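Protein chains in written order, with this note's numbering: chain A, 170 to 1170; chain B, 800 to 894.
A virtual CB, placed ideally from N, CA and C, is assigned to each residue, including glycine.
Fair warning: this is a prediction, and the values are worked out from it, not measured in the lab.
The structure appears right after this line, and notes come after that.
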Amino acid sequence: MSGAFRLDWGGAINRSRPLNFSFDGRTMSGFEGDTLASALLACGVSTVGRSFKFHRPRGILTAGPEEPNALVTVGEGARREPNVRATTQPLFAGLVAHSQNCWPTLDFDAGRINDWLHPLLPAGFYNKMFKWPSWHAFEPAIRRMAGLGRVPEGPDPDRYECRNAHCDVVVVGAGAAGLRAAEIAAQAGARVILIESSQSCGGRRNWDRASEGAPSPAVPPTVRLLLRTTAVGVYDHGLLAAVERPPSPCQWRERWWRIRARQIILACGAFEQPLVFPDNDRPGILLADAARQYLNRYAVAVGTRVVIATNNDSAYVLARDLQDVGIEIPCVLETRSHAPEDEAARCQASGIEVVTGSRIVRTTGSPHVASVLFRADGQSTRRIACDALAMSGGWSPVSHLYCQAGGKLRFDPAQSCLAPDGALSNVHAIGAAAGQFDADTVLEDVGITLANVLVGIGRSPRRATPERHKRRNTSRLAPGAPGCEEVDRPTRAWVDFQHDVTVADIELAVRESMISVEHLKRYTTVGMAIDQGKTSNLNALAILAARTGRSIPEVGTTTFRPMFVPVTLGAIAGGRNGRFYSPTRRLPAHVQHERLGAHFEDYSGWQRPACYPRAGESLQEAIVREMQAVRSAVGIYDASPLGKVMVRGPDAAIFLDRLYATSILDLREGCVRYALLLNEQGVIMDDGIVARLAPDEFFINTTSAGAVRSIAWLDEWLQCEWPQLRLALTDCTSAWATITIAGPHARALLREMPTNIDLGAASLPHMRIRTGQICGIPCRLLRVSFSGELSYEVSVPADFGASLWEALMRAGQRHGITPFGVESLNALRTEKGYLHVGADTDGSTIPDDVGFGLALSRKVGDFVGRRSLSLPENVRGDRLQLIGLRCLGDPSAFRPGAHLLDHLPPEPQSVTGHAGPAVIPTLGRPLWESGLRKRSVRVTSGYLTSAVFSPASGCHIGLGRLRSGRSRLGETIAVYDGGRYCQAKVVDPVHYDPEGRRLRG
Amino acid sequence: MMQIECPYCGLRDEIEFSFGGEAYLTRPDLSVDDVEWTQYLYFRHNLKGLHAERWRHTHGCGQWFNAVRDTATHQFVKSGETADQPPQRRIGEIA
């Protein structure tokens, strides 16, 4: 379909480059320089979408980012982008767009039934409906109906970029004021970035006929110009975020700019506001300045017979421009009692009737507007046929970014608009964005503002150059009082087009005492759609003020927050996704693990083998095999992510004794001790081992997951509390590779390696550290065990980790060596009842809960957290205590996180008919009984914290924390998880080798 | 995102730092009763206005330092007295 509404000449489009695109499957064509909206209008497409609640057909209202109606889905498949404003989407060859929120087709939408039912669907109707039988029965259907566009399926294949920039001055908006500001700043030698969201500079000049032919103001070459870049947020300390889009699809889809500027100048202009009257939402009814933009910039006629309705001076120039190209203007409906004299005279001379004091009663047309019915003072209703209605309800400065920066707004009664009030130290509004609508004085004011800005950053403005760009500006913004009078049919007079909020909704909110502007917003959802009230906030405030007998300043505004326009998550992520989301750390012997067929998982950022499944083995079978190999022969494990710290200095022992709950002062050289680290509340932060190498030298191992946190904790106390202590901390976590050899044959295997360390059972008993050499490499050998078997941890400099692993594997072949992974070790330590801090402990677990209370109470001297251990909550007898559990039934409920209950419930009752638990265990006392039917709320007695299958026990075993657990050994309790139950027996946490004979072998 | 002036590295983005809570806390003597001890553990000032606090330049030099920030405007204030204080929490001896 060719452009039936396209003019043969004029506009900033490139007629030598036609572009094909499709909308709802229909192929059409436009030109380079078009937006999707202008191309659709040129082809005579009027209805482009359906409204949110009532599914009314909607057309294009504006020509900019404030568009509430023309939301389309662009692209297909994984590249599909919903809720794209057709008015800001540049046209490119092959663009595929679809309408939204309609089924089965745009022209015949089943959802239109909502419009017939509109008396039942006022604002907040959902708060009063869907009560019986239960909200949950309606929720799935409502979720499907809500929303406008659909998110794409599948991973995003596109690339996004992120750029950081610094500058002295960033100017947002390249209209008249913005260009002038950039020019002044650049002449003074400041580094300037100029941001413009459309495809070219010049702002309103681009659709001002009188400016045609005059030289366009140039952007100084020292200014960095970003076109097609929308500033979306202003943050602390002069940080401005913006999103840039390429003119047509290319290697990058969006670019996220983070600009740190010493001064921010906002020249964002103003948004024209619609008039509020019944049936003001029909396709074909649009804003007057948008009609002008389509005519002069895109050479698109919005109709052949255009009625203009206005409450201010700025719409009259549209009448002249339309007449110049031969479009008929039956009349101008002026809501004020007097039209401006010069405009009225010009209209009369051109044969355009100006009706003053008029109020539009309704419009007709299905769906495109066909006629306008209006009433003037003291006259009867008249009908005028038309195929477009251009309305202007005044102008509202774009003050969103200014408010995000903390600025306040004031209502200017002369301008009838909310304008920035006062000055912020680093953010300034100029031009229409500051409420200055008179083009002649704006440039002077820009000069004054910039002079202050430049002084603030230590530059001096050049002496004012004579104004080279002075021109007669026929397009000027003008103040227009927002409509707030009574309307005949308030249920059909739209205030917020996107959320289908009418005057009746606002009046309903007032009747229901939602008179605060915050309540109005949330009760009616006015201004809460994607357009964030850009064309509705001012009208809504005015109506609220009028209905409650207040002034607009008394009503106030709601808070503006980023983003100014919707931003895709891809832009914010900027390429930090997939494997770039967070750095992955690999073990020194990673290649060796790969060759052994390891199944890798992420453990706190480290890629570690969970287990090493052989061909045909499931993961669970592999874990069981590895456990049995460690218990019967020997296993090898890569423990390199263990946190390691060297603490050296004369005061090292004192420092560690104060920080750790375990005694350190009496730790002898060459000895190793298990130690707990508490925070000041007495809660276990981390556990690990402390080894003493020399009187003033300690080697500390923390947990792998807590390495960073624990070392930071040590460093904090050293720097802030006791800087006078003489010691140094060195984090050497990744400097050492650690390999664990565990199993009855561990000593025999190590004896095969060339080493100068005496491995005899008497010379190297359990919990000792030795330094020396292995295979010619310097090493530290710790005899410690997390598996419960005879076990050694060999630490060598990380570069030797891979070759040491290979050497041990080779030597271990005769001993039946088996590599085992994290999951296998976890199961082995669970059998032994060893703690996993963070799994078996939580944010309230104190040492006594896990059985260390007696040991710590014997320590002489204070330590961090000691005072808190005597608080009343921490000495209660009924705290959750660590116990072991043996699963007696179906293990599907026996999972970490399961609740422990004293008794099985009688029989579970189903409440809503679909699968769901009737029992809701909570840790505290039951506070309520919910729902229409009584649900019983039980009190939990604790949690299952670790659960594994134990081949040694032949069943599932675990660890948990049970109220007064230590006094309940032998009891049978119930375990509940996700609607399922089983029974379990409370036992000692150590399920295997309770005397520790194998440890000390 | 704020910019914070590390005394050792200069003006850096907030993301390089870790927040350390209120500054100049005084650890009470160990003989105080449970109420006062709990007050020290859990009660902090929640001011709209100038707030003395600790920061650590975690992804930088790793040093702790004190700062005074206006919690309403996020402006950092440098006053002679606080800038010269050593980066301590002024806590009593533990042992």
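Assign residue i to buried or exposed, taking buried as 16 or more other Cβ atoms, counted over all protein chains shown, within 10 Å of its Cβ.
i: Pro-566 (chain A); result: buried
i: Ala-488 (chain A); result: buried
i: Asn-746 (chain A); result: exposed
i: Glu-1164 (chain A); result: exposed
i: Asp-1059 (chain A); result: exposed
i: Glu-235 (chain A); result: buried
i: Glu-250 (chain A); result: buried
i: Ile-364 (chain A); result: buried
i: Asp-1009 (chain A); result: buried
i: Thr-717 (chain A); result: exposed
i: Trp-304 (chain A); result: exposed
i: Leu-286 (chain A); result: exposed
i: Met-314 (chain A); result: exposed
i: Tyr-295 (chain A); result: exposed
i: Gln-258 (chain A); result: buried
i: Asp-828 (chain B); result: exposed
i: Glu-503 (chain A); result: buried
i: Lys-1103 (chain A); result: Below a pLDDT of 50, predicted positions are generally treated as unreliable, and Lys-1103 (chain A), at 44, falls in that range; the measurement from the model is reported next regardless. Under this definition Lys-1103 (chain A) is an exposed residue.
At the level of alpha carbons, what is the spacing between residue i and residue j?
i: Asp-1157 (chain A); j: Thr-694 (chain A); result: 58 Å
i: Leu-408 (chain A); j: Arg-332 (chain A); result: 13 Å
i: Pro-389 (chain A); j: Ser-207 (chain A); result: 30 Å
i: Gly-861 (chain B); j: Cys-901 (chain A); result: 15 Å
i: Pro-126 (chain A); j: Ala-559 (chain A); result: For chain A, the structure presents residues 170 to 1170; residue 126 (chain A) sits outside this window and is missing.
i: Gly-1053 (chain A); j: Gly-957 (chain A); result: 16 Å
i: Ser-1039 (chain A); j: Asp-1011 (chain A); result: 19 Å
i: His-688 (chain A); j: Glu-655 (chain A); result: 22 Å
i: Pro-1041 (chain A); j: Val-877 (chain A); result: 32 Å
i: Val-876 (chain B); j: Asp-665 (chain A); result: 43 Å
i: Thr-196 (chain A); j: Gly-246 (chain A); result: 19 Å
i: Gln-776 (chain A); j: Leu-677 (chain A); result: 59 Å
i: Cys-212 (chain A); j: Gly-233 (chain A); result: 19 Å
i: Arg-552 (chain A); j: Ala-539 (chain A); result: 10 Å
i: Ala-779 (chain A); j: Gly-1147 (chain A); result: 26 Å
i: Phe-543 (chain A); j: Thr-473 (chain A); result: 20 Å
i: Thr-533 (chain A); j: Val-541 (chain A); result: 7 Å
Would DSSP call residue i helix, strand or coil?
i: Asn-481 (chain A); result: coil
i: Arg-248 (chain A); result: helix
i: Tyr-841 (chain B); result: helix
i: Trp-836 (chain B); result: helix
i: Met-936 (chain A); result: coil
i: Tyr-692 (chain A); result: helix
i: Ile-721 (chain A); result: helix
i: Leu-707 (chain A); result: helix
i: Lys-813 (chain A); result: strand
i: Ile-712 (chain A); result: helix
i: Ala-548 (chain A); result: For the sequence presented, residue 548 (chain A) should be read as Gln rather than Ala. DSSP places Gln-548 (chain A) in coil when its eight states are reduced to three.
i: Tyr-807 (chain B); result: coil
i: Leu-825 (chain A); result: helix
Report yes if the C-beta of residue i is less than 6 Å from at least one heavy atom of the ligand ZN; otherwise report no.
i: Arg-466 (chain A); result: The ligand ZN is not part of this structure, which contains no ligands at all.
Within the region 868–915 of chain A, ranges of the beta strand (DSSP E) (whole runs, at least 3 residues)
897–900, 905–911
> the region 472–492 of chain A: which residues have C-beta closer than 8 Å to a C-beta of chain B, in chain order?
Replying inline: Residues passing the 8 Å Cβ filter: none.
List, from N- to C-terminal side, the alpha helix (DSSP H) runs of 4 residues or more that fit wholly inside the region 432–476 of chain A. The qualifying runs are 457–467.
Please name the residues in the region 1015–1047 of chain A whose beta-carbon is closer than 9 Å to at least one beta-carbon of chain B, in chain order.
If the cut-off is 9 Å between Cβ atoms, the region 1015–1047 of chain A has Gly-1030, Asp-1031, Phe-1032, Val-1033, Arg-1035, Arg-1036, Ser-1037, Ser-1039, Leu-1040, Pro-1041 near chain B.
Near-chain B residues of the region 322–337 of chain A - C-beta to any C-beta below 8 Å
Correct list: empty, as no residue qualifies.
Tell me the start and end of each unbroken alpha helix (DSSP H) in the region 946–1018 of chain A that is at least 4 residues and wholly inside, in chain order.
-> 970–981, 991–1000
Continuous beta strand (DSSP E) assignments of at least 3 residues falling wholly in the region 752–805 of chain A: 768–772, 775–780
Q.
Extract the residue ranges of the beta strand (DSSP E) inside the region 500–527 of chain A, only unbroken runs of 3 or more that lie entirely within it.
A. 500–503, 522–524
- [ ] Please list the segments of the beta strand (DSSP E) lying wholly inside the region 1122–1152 of chain A, counting only runs of 3 or more residues, in order along the chain.
- [x] 1124–1132, 1141–1146
3-residue-minimum beta strand (DSSP E) runs that sit fully inside the region 254–307 of chain A, ordered along the chain: For the region 254–307 of chain A, the continuous beta strand (DSSP E) assignments of 3+ residues that do not extend past its boundaries occur at 264–268, in sequence order.
**Q.** Continuous beta strand (DSSP E) assignments of at least 3 residues falling wholly in the region 313–398 of chain A
**A.** 328–341, 361–364, 393–395
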